[in-house]
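Trainee: Counting from 1, position 106 in the sequence shown corresponds to residue 105 in numbering that gives the first Met the number 0; the numbering is continuous, with no gaps.
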Amino acid sequence: MAASKGARKEKAEYQRLKKLFEGCDPGKLELVDNLLKQTAEIYVECCTLKEATEKAGGRIIFTERGFQRVPKSVAELDKLRKRYSDNIYRLCNILDRSVVEEIEDDLNEFY
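Below is the structure:
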């Protein structure tokens with residue numbers, strides 16, 4: 000049952016991302032189809048790890064000697080989030096150059 004829920008979530012995310020490319024050239028859509036599927040899969044993995052991290056009690060674990068450590072699920076979640084954002088950036092780059100320039104302009108305000 001959990002696998003089917005994840006599959007539904009992945010399909011919904013894939014359809015949402017694919018919808019962004021509706022007006023594009025069919026060749027371009029065929030080119031990015033695997034990247035869209037990979038990005039949807041990463042999204043579902045992020046959601047699953049986020050839920051597991053919240054159930055485990057947060058981002059920091061205190062040991063018996065008072066030290067702090069980060070659970071493995073949190074470190075993995077951070078890696079997946081980076082991969083997801085990298086894929087989204089690539090898709091934006093393929094989709095429209097002006098969208099990427101607007102994002103970069105907004106980011107430059109913080110640096």
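Ideal Cβ positions, reconstructed from N, Cα and C, are used throughout, including at glycine.
For MET0, count the other beta carbons within 10 Å of its own beta carbon; 16 or more makes it buried, fewer makes it exposed. Which is it?
Mentor: At MET0, the pLDDT of 49 sits below 50, so the modelled position is not reliable; the number obtained from the coordinates is stated separately. So MET0 ends up on the exposed side.
Trainee: Does DSSP put GLU21 in a helix, a strand or coil?
Mentor: The answer is coil: DSSP assigns GLU21 none of H, G, I, E or B.
Trainee: Are the CB atoms of LEU79 and LEU48 within a distance shorter than 8 Å?
Mentor: A contact, by the Cβ cut-off of 8 Å.
Trainee: Rounded to a whole number of angstroms, what is the C-alpha to C-alpha distance between ALA74 and LYS81?
Mentor: The straight-line gap from Cα to Cα measures roughly 11 Å.
Trainee: Please name the residue in LYS54, LEU19, LYS36 whose C-alpha comes closest to that of GLU9.
Mentor: Comparing Cα positions, the closest option is LYS36.
Trainee: Report yes if the C-beta distance between VAL43 and GLU12 is below 8 Å; otherwise report no.
Mentor: Yes, Cβ-Cβ distance for VAL43 and GLU12 is below 8 Å.
Trainee: Let me check understanding here. Comparing Cα to Cα, which of SER72, ALA39, GLY26 lies closest to ALA51?
Mentor: Checked all of SER72, ALA39, GLY26; the closest Cα to ALA51 is SER72.
Trainee: Taking its Cβ as the centre, do 16 or more other Cβ atoms sit within 10 Å of VAL98, making it buried, or is it exposed?
Mentor: Confidence at VAL98 is low in this model, with a pLDDT of 48, below 50, so the placement of that residue should be treated as unreliable; the coordinate-derived value is given next. VAL98 comes out exposed.
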